[in-house]
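Structure first, commentary second.
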Amino acid sequence: VKSLGALLEEKVTLTGGAETVEAFLKRSDTDGLTILKGGRLVGDWSAPHMAFGQRHIIFSISKSVTAILAGILQGEGVFDPEAPVTEYIPEAKGSAYGDASVRNVLDMTVSLDFEEAYLDPESAFARYRRATLWNPGGGSESLAAFL
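Using the numbering used here, the first residue of the sequence shown is number 33, and each one after it goes up by one.
Put into structure tokens, the structure is as follows:
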């Protein structure tokens with residue numbers, strides 16, 4: 033196993049010729065790279081504007097992480113994707129998720145009235161961002177109340 037420094041100096045050819053891994057990460061506006069091998073941390077690189085422990089939006093990557101964890105838990109026999117959402121989250125009763133199975137949520141087939149209206153400060157999207165404390169100024173609505 034090479035050191036992180038050695039890995040960052042490795043040459044890769046993607047577009048426009050060979051460059052180091054570190055040069056590619058910077059050119060591609062990558063915020064961070066974590067390398068695991070055999071379940072052990074091999075290296076962790078962060079862009080200059082990122083700090084250890086700093087919150088970071090991962091958007092659709094959340095789906096992959098959730099699917100991996102769900103698969104592990106299902107394999108261990110402690111999680112049933114065919115169960116109703118309310119079996120795991122009773123507070124979802126009466127919400128758009130109240131009649132959905134966990135599989136419906138994992139497959140993103142629950143019908144939600146949610147428009148990503150980025151510029152409307154009163155939209156569901158803006159309320160969601162305030163409830164998760166991603167927007168400055170916070171808000172009086174918690175994530176649980178929003179959902």
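Note that beta-carbon positions come from the ideal geometry of N, C-alpha and C, so glycine has one too.
The model shown is predicted, which means the values in this text are computed figures rather than measured ones.
key: Where the alpha helix (DSSP H) containing Lys58 begins and where it ends   = Segment Val53 to Arg59, the alpha helix (DSSP H) holding Lys58.
inquiry  = Using only the alpha-carbon positions, how far apart do Leu138 and Ala83 sit?
reply    = Using only the alpha carbons, I get a separation of about 31 Å.
inquiry  = Between Thr52, Ala102 and Ala99, which has its C-alpha nearest Glu41's C-alpha?
reply    = The shortest CA-to-CA distance from Glu41 to any of Thr52, Ala102 and Ala99 is the one to Thr52.
inquiry  = Quick check on the DSSP output: what are the complete alpha helix (DSSP H) runs of length 4 or more inside the stretch 104 to 129, in order along the chain?
reply    = 117 to 120, all fully within the stretch 104 to 129.
query = Cβ of Val44 within 8 Å of Cβ of Phe56?
reply = Result yes, Cβ atoms of Val44 and Phe56 sit closer than 8 Å.
Backbone CA spacing between Gln106 and Arg135 [nearest angstrom] = C-alpha separation (whole angstroms): 12 Å.
key: Every unbroken beta strand (DSSP E) inside the stretch 36 to 105 [3 residues or more]   = You should have 43 to 45, 50 to 52, 64 to 69 and 72 to 78.
ask   = Relative to the alpha-carbon of Lys69, which residue among Leu36, Leu46, Arg162 and Asp61 has its alpha-carbon at the smallest distance?
value = If we check each option's Cα against that of Lys69, Leu36 comes out closest.
query = Can you name the start and end residues of the alpha helix (DSSP H) that Tyr160 belongs to?
reply = It spans Ala156 to Ala163 - the alpha helix (DSSP H) in which Tyr160 sits, taken as one unbroken run.
message = Suppose contacts are defined by Cβ-Cβ distances below 8 Å. Is Asp61 in contact with His88 by that definition?
response = Not closer than 8 Å, so no.
message = Using the Cβ count rule (16 or more neighbours within 10 Å means buried), how would you classify Val97?
response = If you draw a 10 Å sphere on the C-beta of Val97, you find fewer than 16 other C-beta atoms in it, and that means exposed.
key: Asn167: first and last residue of the uninterrupted alpha helix (DSSP H) it sits in   = Premise fails: Asn167 is in no alpha helix (DSSP H) and is neither H nor E.
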